[in-house]
């Protein structure tokens with residue numbers, strides 16, 4: 017049985033809320049509205065997970081995954097099956113995901129992107145180059161660079177609803193079929209299946225290969241994201257390929273640090289790409305022995321990325337003030353080096369020399385202008401997908417949030433990320 021957003025669902029502890037006014041939402045209308053992007057969604061004071069979910073239910077339907085414990089994950093089908101936020105203590109603690117209150121409550125779609133927030137959202141790449149799906153075919157501008165005025169997130173991954181195919185207490189399955197065209201005119205007929213699954217403590221220990229220390233609270237989930245070629249022709253490198261791109265937007269703090277382990281070796285090329293928005297200053301990015309420390313304070317717009325030659329299958333962040341350790345684990349196939357390049361050039365010399373893992377820190381786009389959030393992001397991508405007709409690829413993206421005593425979090429970070437969190441904190445101290 018397929019449920020649409022108009023259905024009201026109640027399954028055990030899974031709660032689906034509706035907008036209080038009973039009116040259909042922009043995603044249900046399927047039309048784009050005008051206006052400019054909302055300025056942020058910054059909150060006057062930290063809100064709990066429960067307050068975030070109650071707010072969301074006033075505007076969209078919310079699916080909550082949760083079992084007998086206190087961990088919860090909140091998901092919105094109208095936002096492409098997006099995980100909006102999560103908590104290890106849903107009744108008392110703050111949520112982990114950043115939510116753009118202004119965008120959600122406006123009830124209107126805006127040009128370029130509708131930045132609703134959320135800590136695990138489904139996207140497709142590439143963003144730039146001759147095979148971009150974010151710029152329409154035939155755009156004529158001066159120079160070799162695309163410009164922001166022409167940039168538009170495809171409706172498929174911005175404003176269209178994903179359908180709920182199955183729902184249980186700890187899992188929800190979404191589907192979507194669509195056709196999308198890249199800048200070079202190549203058409204892709206595709207199908208998406210996306211599963212969001214709450215993980216148990218046994219799952220966490222198995223996936224991460226650790227024993228959880230006593231006293232640690234956690235919420236963990238995985239999204240299993242499959243893309244299928246539903247067309248009659250194979251997807252070919254010469255005419256462009258797609259990739260699965262998962263982005264998580266998290267609440268920042270002045271003490272949040274992103275941790276990026278990397279493979280060591282003189283023959284693996286540059287360690288990090290830190291020039292997305294201009295080179296990242298030394299007081300915001302430090303290279304240590306086998307890992308990077310990146311400041312995620314929401315005060316300076318910057319981004320980093322690692323190639324498949326350097327990346328490992330985990331990335332994380334640590335906030336000593338909140339006693340919060342976040343780990344993202346993802347599918348990183350051995351020996352695969354073709355990843356789509358999202359550089360905004362109209363023609364790239366190597367469209368498959370992209371990064372596999374990224375982190376973004378929000379901040380003012382230019383002096384005097386407000387940031388979008390602020391927030392920070394942890395992102396992962398699948399390889400460029402040269403799929404034959406009916407062939408599929410699955411990219412798994414797992415998110416683990418741990419709270420507890422510093423020693424317990426230190427142990428997890430050492431076991432999974434190979435770092436000492438005390439050294440991480442010290443690396444970017446003034």
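In this note's numbering, the protein residues as written are 17 to 446.
Beta carbons are placed, not taken as given, at the ideal position from N, Cα and C, and that holds for glycine.
Please read these numbers as outputs of a predicted model, since none were measured by experiment.
Please report how far the alpha carbon of residue i lies from the alpha carbon of residue j, in whole angstroms.
i, j, result
"residue 214", "residue 97", "14 Å"
"residue 361", "residue 155", "13 Å"
"residue 176", "residue 407", "24 Å"
"residue 264", "residue 395", "6 Å"
"residue 295", "residue 359", "15 Å"
"residue 373", "residue 65", "27 Å"
"residue 333", "residue 342", "5 Å"
"residue 324", "residue 173", "25 Å"
"residue 229", "residue 193", "43 Å"
"residue 165", "residue 63", "34 Å"
"residue 464", "residue 418", "Lying outside 17 to 446, the shown extent of the chain, residue 464 is not represented and no answer is given."
"residue 210", "residue 436", "34 Å"
"residue 48", "residue 236", "Legend: pLDDT at residue 48 = 23, less than 50; position of this residue unreliable, no value from coordinates given."
"residue 158", "residue 384", "27 Å"
"residue 326", "residue 286", "8 Å"
"residue 17", "residue 116", "With a pLDDT of only 39 at residue 17, under 50, the local geometry of the prediction cannot be trusted, and no value is derived from it."
"residue 191", "residue 414", "19 Å"
"residue 399", "residue 251", "13 Å"
"residue 353", "residue 212", "27 Å"
"residue 365", "residue 199", "15 Å"
"residue 444", "residue 301", "8 Å"
"residue 76", "residue 266", "20 Å"
"residue 122", "residue 144", "29 Å"
"residue 225", "residue 95", "33 Å"
"residue 380", "residue 392", "13 Å"
"residue 416", "residue 74", "28 Å"
Figure out for me which residue from the options has the closest Cα to the Cα of residue i.
i, options, result
"residue 197", "165, 227 and 152", "152"
"residue 119", "192, 134 and 108", "134"
"residue 290", "219, 251 and 371", "371"
"residue 367", "401, 338, 350 and 377", "401"
"residue 299", "305, 312 and 292", "312"
"residue 306", "218, 131 and 288", "288"
"residue 338", "388, 271 and 180", "271"
Does the distance from the CB of residue i to the CB of residue j come in under 8 Å?
i, j, result
"residue 89", "residue 72", "no"
"residue 81", "residue 186", "yes"
"residue 1", "residue 319", "No answer is possible for residue 1: the residues shown for the chain start at 17 and end at 446."
"residue 321", "residue 268", "no"
"residue 309", "residue 142", "no"
"residue 316", "residue 377", "yes"
"residue 273", "residue 440", "yes"
"residue 140", "residue 129", "no"
"residue 168", "residue 363", "no"
"residue 433", "residue 344", "no"
"residue 113", "residue 126", "no"
"residue 107", "residue 86", "yes"
* Which runs of the alpha helix (DSSP H) fall wholly inside the region 215-251 and span at least 4 residues, in chain order? -> 217-224
* Hey, is the region 242-250 in contact with the region 191-207, meaning 3+ C-beta pairs nearer than 8 Å? -> yes
* Asked: Using 8 Å as the Cβ pair cut-off and three pairs as the minimum, do the region 425-444 and the region 247-263 touch?
  -> Contact between the region 425-444 and the region 247-263 is absent: fewer than three C-beta pairs spanning the two stretches fall below 8 Å.
* **Within the region 67-112, ranges of the beta strand (DSSP E) (whole runs, at least 3 residues)** => 78-81, 88-92 and 98-103
* Identify every run of the beta strand (DSSP E) within the region 122-167, keeping only runs that are complete inside it and at least 3 residues long; order them along the chain. => 137-141
* **Complete runs of the beta strand (DSSP E) confined to the region 167-210 [at least 3 residues]** => For the region 167-210, whole beta strand (DSSP E) runs of length 3 or above, ordered along the chain, are 179-183 and 187-197.
* **Sequence ranges, beta strand (DSSP E) only - wholly within the region 248-283, length at least 3** => 259-266 and 273-277
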